[in-house]
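Participant:
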C-alpha cells in the first residue's frame, strides 16, 4: 500500500492497542469467569498466564507486524518466508470477522440498555412488579426481537466505522487517545462509589484471598483461555497495529504497557461489579446475564443507582467500541491491500459484510432461536469455535512460526530496533515462547475439545 499510515506517537500506539485488548472480554466476561471459577484462585492463575504467556505473544505479534509492514494474512508468509503460512493469517482474519458479527450484537444490547437507562424506562416498574421477572422480561423482549437489536447493533458498527474511515492517525489513534482516558476516569469514579457499599470488603476477600483448594483443571484452563481472549491474541489485531508502528519505537516497552493496562482494567471490573453483587446478595456465578439481568436489579435498589447504571453502561460502550475499532481495522487493512480500494470504500464494504453477519446472529438469538445444532444457537457456535479452536490455534502457530521458523534471533533483532539490546530476562521470555507456550496451548485446546468448559 502506497504512503502507508503510521501511528504518530507511543501514547497513540498504547492507547489503540490497549483499547483493542480492553473490551467486553474484561468488563463482561472476566467478572463472571472469576465468579464461576472461585474468584481469587482463578485471578492468580490468570495473572501468571498473562505474564508468562500473554506478554511474550503480545510483543511477538507487534514485532511480526512491524517487520512485515502489511496485513495480518501476508505477515505470516513474510515472517515464515513461505506463502503457505498465509493460511494462519487467513484463519486469524476469518476469526475476527466471525467475532465482529456477534460482538456488534452484544454491543448493540449494551447501547439499548444505556438508552433505556438514560430515558428511565429500564427501571419503570410498579411496586407490585417482581424486579427479577421485570429485568428478565426486558432482556427477553430485546434479544428475541429482530428489529430492536439490529437497530442498536447498526448504531454500534457505524459509530466504529466512522473512526476507522478516518485512518490510523486521524481516526484510530486520535479517538483512542480520547476514549481510553475517558474509560479510566469512568472506572475510577464507579469503583470509588462501589467502595462505599457494604459488600466491598467481602468482594476484596473474594478477589484477593485465594483458596487453592478450589483450583481444578477447568479453573486453570479457564484462566489461561481468558488471558488470551482479553489480550486479543490469536486474531491478528496486534499484528495489524504492529504494522503501523515506526522503527523508532520500543516494542517490548509498548507490549508491557498494553499488557499492564489490560490487566488493570480486568481487575478494575471485579472491583466495580462484585461489591454490588455481594451487597445485594446476588450470585457471583450469574454468568453472562450478570450485566443485563442481575446488575440492573442492583442499580434499582442502590442509592443513586440509576446514575450508576447510566455511567456503567457508558463505560461498557466505550470499551466495546475501542475493541471493535481494532477488529474492523484488521479487516479494512486486509481489504485495502488485497483489493487496492480506498480506505473509505474498504471500510464500508467491511461494515456491510459485518452487518449482514450480525443480522444472522441476531436472527439466531431472536426469531430463529428455535433452530439449534447440538443445543447451540449460531452465536453460541461462533463463540465456541473462535474461543476454543481458532484463537488458540492461531496463537500456537504464531508462537511456532516466530520461535522456530523466523527464529528468536531474528525476533530479537526486530525487538532491539528502537530499544536496548536484549537482556537475560528477554531471552527467558523467548524460551517460554518456544518451549512452553505451544504445548500449553495444545493441551488447553485438547482439554476444551474433550469437554472441559472454560
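Numbering (our numbering), first residue to last: 87 to 540. Even glycine gets a Cβ: it sits at the ideal position worked out from N, Cα and C.
Counting only runs that start and end within the stretch 460-514, where is the alpha helix (DSSP H) found for 4 or more residues in a row?
Facilitator: Runs found: 464-471, 477-486 and 494-502.
Participant: In whole angstroms, what separates the C-alpha of residue 243 from that of residue 510?
Facilitator: 44 Å
Participant: Our contact map puts residue 562 next to residue 433 with C-beta atoms below 8 Å; I'd like the distance itself, whole angstroms only.
Facilitator: The structure shown does not extend to residue 562, since the chain is modelled only from 87 to 540, so the question has no answer here.
Participant: Give every residue of the same chain whose Cβ lies closer than 7 Å to the Cβ of residue 476, excluding the five residues on either side of it in the sequence, and list them in chain order.
Facilitator: 177 and 181
Participant: Excluding the 5 residues flanking residue 300 on each side, which residues of the same chain have their C-beta closer than 6 Å to its C-beta?
Facilitator: 124 and 127
Participant: My output table needs one value for residue 87: the three-state DSSP class, helix, strand or coil.
Facilitator: Low per-residue confidence applies at residue 87: pLDDT is 44, beneath 50, and the placement is therefore not dependable, though the value from the model is reported in the following sentence. Reduced to three states, the DSSP call for residue 87 is coil.
Participant: Would you mind reading off the limits of the alpha helix (DSSP H) that contains residue 444?
Facilitator: 429-451
Participant: For residue 397, which residues in the same chain have their Cβ closer than 8 Å to its Cβ, ignoring the five residues on either side in sequence?
Facilitator: Cβ-Cβ distances below 8 Å link residue 397 to 272, 275 and 276 in the same chain, with the five nearest sequence neighbours on each side left out; the list follows chain order.
Participant: By alpha-carbon positions, which one of 282, 385 and 450 ends up nearest to residue 464?
Facilitator: 450
Participant: Is there contact between the stretch 262-269 and the stretch 98-105, where contact requires at least three CB pairs shorter than 8 Å?
Facilitator: yes
Participant: May I ask you to verify whether the stretch 405-420 touches the stretch 213-224, counting CB pairs closer than 8 Å and requiring at least 3?
Facilitator: no
Participant: Mapping DSSP to helix, strand and coil, what is residue 349?
Facilitator: helix
Participant: Report the three-state DSSP secondary structure of residue 367 (helix, strand or coil).
Facilitator: coil
Participant: Please go through the same chain and pick out, in chain order, the residues whose beta-carbon is closer than 7 Å to the beta-carbon of residue 352, but skip the five residues on each side of it.
Facilitator: 112, 116 and 316
Participant: Return the chain-ordered list of same chain residues with a C-beta closer than 6 Å to the C-beta of residue 105, the five sequence neighbours on each side being excluded.
Facilitator: 262, 266 and 408
Participant: Over what stretch of residues does the alpha helix (DSSP H) that includes residue 172 continue unbroken?
Facilitator: 172-205
Participant: Determine the DSSP secondary structure at residue 296, reduced to helix, strand or coil.
Facilitator: coil
Participant: Please specify which runs of the alpha helix (DSSP H), each continuous and at least 4 residues long, are wholly inside the stretch 104-184, giving them in chain order.
Facilitator: 116-122, 126-135, 141-154 and 158-165
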